[in-house]
Amino acid sequence: MRYRKLQIGFCSFLLMVFLCGCKSQPQMVSKSGFYFDTVINIEIESDRGEALLDECFSLCDHIEKTFSRTLETSELYQLNHRTSNQVEVSEELADLISLGLEYGELTEGAFDITIAPISDLWDFKSDNPAVPSQESIDEALRAVDYTKVHVAGNTITFDNEYTQIDLGAVAKGYAADSLKEYLTSEGISTGIINLGGNVLTIGEKDDGGSWNVGIQKPFSERNEIITQIAVQDKSVVSSGIYERYFKQDEQLYHHILDPKTGYPVQTDLWQTTIVSDLSVQGDLLSTSCMLLGYDKAKELLQQFPEAAAYFVDAQGQLIEN
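Count along the sequence shown from 1, then add 91; that gives the number in this note's numbering.
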């Protein structure tokens, strides 16, 4: 899958899918697992569904071994722990890095795939998470600058030997699109791919209706939704500050990090949901909008008239763009 050809244009689910109606043949078949640091589920209508789903999970394994920042055997991990500042990588990795750099330009650095040194400082999974020291943040920030990474073909060149890449804000979208591409090539016309905050539908439901995707209400009980969206053959991606966070000295610290300060971004949004054709676009836009804040997010989205956006502001109000 060549994302370079595109024109710029956590254990829990952010999105819930409501299913109803079924046919007798062929039956819907589903499989769940744990990839991309979240529970995933794929459901398709096929009389050979189990074999196809096994292939899907093999593909997930391959994608994780390519793009994981923390898996020591992954290609991205090896790139980040390189011994030379010019490295030949796979076409997949080069394409996704290139796409991430494009969004760095689009957002004037608000979205920055070189955030990895800062990401390493914030452990939101710890039993006792804590704010990193200012000294460690300042040191890590010296390695954060997407303009210091260059892609030429499959060659990645770094201007700074300490720069590392984090593709966590885009890899799930790439995975969802790859899974859909594989399944449709195998003749699947009805199905749904749920990768936590990324839901990608294939065609319509087996009863001919739309898929109803519920959007989690921020800072509320699990499965409490703020709205639901009816879609066919579309991607629905949500990003929000309420999935991974902790409080220290009565202040909330969330996992969407500002590459300019090294701290959680100060935003007037709790959540952004993007409806689009491609999940990778939804990934990039939802995170970018969270980083930019409401006004600049609306400006960015003017460049993507094919995408619909739903915002939840800091007062918990739903706004449809």
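Glycine is no exception: its CB is placed at the ideal position from the N, C-alpha and C atoms.
Per-residue DSSP class, three states only, for residue i
i    : result
E163 : coil
S137 : coil
Y168 : helix
E295 : coil
E390 : helix
S123 : strand
L409 : strand
I209 : helix
E315 : coil
V356 : coil
I305 : Looking at the sequence itself, residue 305 is Gly, so the reference to Ile does not match. Looking at G305 - three-state DSSP - the assignment turns out to be strand.
Q255 : coil
L348 : strand
P220 : coil
V235 : coil
C113 : Residue confidence is low: C113 scores 45 on pLDDT, short of 50, so the model does not pin down where it sits. Its coordinate-derived value is still stated next. In this structure, C113 counts as coil in the three-state DSSP scheme.
Beta-bridge pairing of residue i - partner residues as DSSP gives them
i    : result
H241 : T248
A400 : I365
A201 : None; A201 has no bridge partner.
G282 : I135 and I293
T129 : Y126
Residue range of the unbroken alpha helix (DSSP H) whose run includes residue i
i    : result
S377 : S370 to L383
L270 : A262 to S276
F158 : G140 to F158
G191 : E182 to L197
L343 : Per DSSP, L343 belongs to no alpha helix (DSSP H); it is in the beta strand (DSSP E), Q342 to H345.
L232 : Q225 to L232
Start-to-end residues for the beta strand (DSSP E) that takes in residue i
i    : result
S326 : S326 to G331
K338 : Y336 to Q339
Q413 : This structure does not reach residue 413, given that the chain is present from 92 up to 412, and the question cannot be answered.
Decide if the segment 245 to 257 is in contact with the segment 176 to 191; the criterion is three or more beta carbon pairs, one per stretch, under 8 Å apart.
The segment 245 to 257, when compared against the segment 176 to 191, does touch it at the 8 Å Cβ threshold.
Inset, instruction - Say whether the segment 401 to 412 touches the segment 193 to 207, bearing in mind that this needs 3 or more beta-carbon pairs closer than 8 Å, one atom from each stretch. - result: Pairwise C-beta distances place the segment 401 to 412 out of contact with the segment 193 to 207, as fewer than three of them are shorter than 8 Å.
Do the segment 155 to 163 and the segment 308 to 321 meet, that is, are 3 or more Cβ pairs less than 8 Å apart?
Result no; under three Cβ-Cβ pairs closer than 8 Å.
Next item on the list: Assess, as a yes-or-no matter, whether the segment 188 to 198 is touched by the segment 327 to 347 under the definition of 3 or more beta carbon pairs within less than 8 Å.
Entry: Between the segment 327 to 347 and the segment 188 to 198 there are fewer than three inter-stretch CB-CB distances shorter than 8 Å, so the stretches are not counted as touching.
Does the structure place the segment 320 to 328 close enough to the segment 288 to 305 that three or more beta carbon pairs sit under 8 Å? Judged by Cβ distances under 8 Å, the segment 288 to 305 makes contact with the segment 320 to 328, as three or more pairs qualify.
- Do the segment 212 to 221 and the segment 281 to 293 meet, that is, are 3 or more Cβ pairs less than 8 Å apart? These segments do not touch.
- Is the segment 326 to 334 touching the segment 373 to 386 in the sense that three or more CB pairs, one from each, lie closer than 8 Å? Short answer: they touch.
With three or more beta-carbon pairs closer than 8 Å as the criterion, would you say the segment 123 to 142 touches the segment 263 to 274?
Between the segment 123 to 142 and the segment 263 to 274, the count of C-beta pairs closer than 8 Å reaches three or more; the two stretches touch.
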